[in-house]
DNA sequence: ACTTAAATCTAGCATCGCTAGATTGTCAAC
DNA sequence: GTTGACAATCTAGCGATGCTAGATTTAAGT
């Protein structure tokens, strides 16, 4: 009886449609506009159906965030030029990271700012999160003794640059200069 | 006729009570619990009175944020040990900054994360914001050619460390190690 | 065709930010 | 003093929100 299989397939498909709708609305109108009612309308079901897929609104944000990690990791790896020196590799990743943050602000927000229920740096951390972390670690590793801590620091620096600029705390015009400084700092033994 | 003066005094006092209540509720239960209704109850007036003081809820967050800047700047300046070397001064400020972020999370959130209507790095930026920025600039200045950009970068690094740790993205246990790296990076010519 | 269980919806609760319009209080002119 | 005008304040409500209990429809198995 393929009935249950079909049902499961339809269910999974509907879940994807919810996530896609959430992402689209968030990118278009901001996360405040992503309401359960609107999502329900978008997928043409009533609100309670969403709660059969996600425990609450935060979990929907979390699902979008996971998608984001699934894209950020590969994007960071792909950003490194083929014959880049170790220092250039850091620059490529830093630049790509910020590009991601500014070109997909809603996605970035889901991944790093909004409550999403995701668990980081824990034993049950999803693989995509580890992979993204690994993409950053790969480029700082040549320059440091303890890659994990240095990666955390590198990541924090990039996240700070992204967030302060996104909130208008620092001058957008000087992003390149700031990246240059960060890269210069991480591209020496430490 | 001191009548109008008295009224203005009472009005100003009431405004301070609103801000104090908002800050207290935010620190105790988080910003999500700071509702206009609850604030009204706290100051023993009806909701509409709050809108005679602040344009909207965000403006209340902004007022609390301003208070926060009024404290962060002096705290950063005071954190530098009397006979600290330039490098030690950076360490002191970095440590004090993170201490502030973790001991007053709600205040920090108002200042740097929540929409607050405050304008940074603009011509009409309030003096307290400039002062806080200046406190950080003072310690990185000895090591750099363009202090403004380096300060923005330094600040971003600290903000990233604070935010990622606050959200459980990086391991709290290694905060000291990360600070050591950041300090080491900014405490050399760049 | 009928029963039962799963899938889905309707309708509602409590809460939110915010505001129009009524009501109270206070001042100044007569 | 009384009264009229204006400022201060409140009541009551609108349109949203996240979430859920209970009714209803749909579909499956016999």
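Residue numbers (the numbering used here), protein chains in the order written: chain A, 1 to 190; chain B, 1001 to 1190. Glycine included, every Cβ here is placed at the ideal spot set by N, Cα and C.
For residue 31 (chain A), there is no enclosing alpha helix (DSSP H), as DSSP marks it with neither H nor E. Rounded to the nearest whole angstrom, the C-alpha separation of residue 126 (chain A) and residue 134 (chain A) is 13 Å. C-alpha of residue 1170 (chain B) to C-alpha of residue 1045 (chain B): approximately 43 Å in a straight line. Using a 10 angstroms sphere on the CB of residue 1165 (chain B), the tally of other CB atoms reaches 16 or more, which defines it as buried. Within 7 Å of the CB of residue 159 (chain A), the CB atoms of chain B belong to 1160, 1163, 1164, in sequence order along the chain. Note that the C-beta distance between residue 1118 (chain B) and residue 1107 (chain B) is not below 9 Å.
The DSSP-derived three-state label of residue 1044 (chain B) is coil.
With respect to chain B, the C-beta atom of residue 167 (chain A) has a partner C-beta closer than 9 Å. Taking 9 Å as the cut-off, the Cβ atoms of residue 88 (chain A) and residue 31 (chain A) do not count as close. Distance from the CA atom of residue 1101 (chain B) to the CA atom of residue 11 (chain A), rounded to whole angstroms, is 43 Å. Less than 9 Å separates the beta-carbon of residue 1065 (chain B) from that of residue 1114 (chain B). Short of 6 Å from the beta carbon of residue 1063 (chain B), and not among the five residues preceding or following it, lie these beta carbons of its own chain, in chain order: 1019. In the three-state reduction of the DSSP assignment, residue 1120 (chain B) falls in the coil class, being assigned neither a helical nor a strand state. Boundaries of the alpha helix (DSSP H) around residue 101 (chain A): 86 to 103. Within the segment 1011 to 1033 of chain B, contact with chain A at the beta-carbon level (separation under 9 Å) is assigned to no residue. When DSSP states are grouped into helix, strand and coil, residue 1168 (chain B) belongs to the coil group.
Chain-order list of chain B residues neighbouring residue 104 (chain A): empty, with the shortest C-beta distance near 18 Å, by a criterion of under 7 Å.
Note on residue 90 (chain A): 16 or more other CB atoms within 10 angstroms of its CB, so buried under the neighbour-count rule. For residue 125 (chain A), no alpha helix (DSSP H) segment is defined, and its DSSP state is neither H nor E. One Cα belongs to residue 159 (chain A), the other to residue 1139 (chain B), and the distance between them is close to 22 Å. Nearest CB-CB separation between residue 124 (chain A) and chain B: not below the 9 Å threshold. Burial is judged here by how many other beta carbons sit within 10 angstroms of a residue's own beta carbon; residue 1055 (chain B) has fewer than 16 and is exposed.
With its beta carbon at least 9 Å from every one in chain A, residue 1058 (chain B) lies outside the interface. With respect to residue 150 (chain A), residue 72 (chain A) sits apart: the two C-beta atoms are not nearer than 9 Å. The CB of residue 1150 (chain B) comes closer than 7 Å to the CB of 181 in chain A, given here in chain order. In the three-state DSSP reduction, residue 51 (chain A) falls in the coil class, being neither helix nor strand. In terms of beta-carbon proximity, residue 1139 (chain B) stays away from the interface with chain A, with every pair separated by 9 Å or more.
Going by beta carbons, residue 179 (chain A) and residue 78 (chain A) fall outside the 9 Å limit. For residue 1061 (chain B) and residue 9 (chain A), the gap between their C-alpha atoms comes out near 46 Å. For residue 59 (chain A), the enclosing alpha helix (DSSP H) stretches over residues 57 to 79. Here residue 1141 (chain B) has 1147 as same chain residues with Cβ atoms under 6 Å from its own Cβ, once five neighbours each way along the sequence are excluded. Taking a C-beta distance under 9 Å as the contact criterion, residue 1156 (chain B) and residue 1098 (chain B) do not qualify as a contact pair. With contacts defined by Cβ atoms closer than 9 Å, residue 52 (chain A) and residue 39 (chain A) do not form a contacting pair. In this structure residue 1036 (chain B) touches residue 1047 (chain B) by the C-beta definition: roughly 5 Å separates them, less than 8 Å.
For a cut-off of 8 Å, the C-beta gap from residue 1143 (chain B) to residue 1074 (chain B) is around 23 Å, too long to register as a contact.
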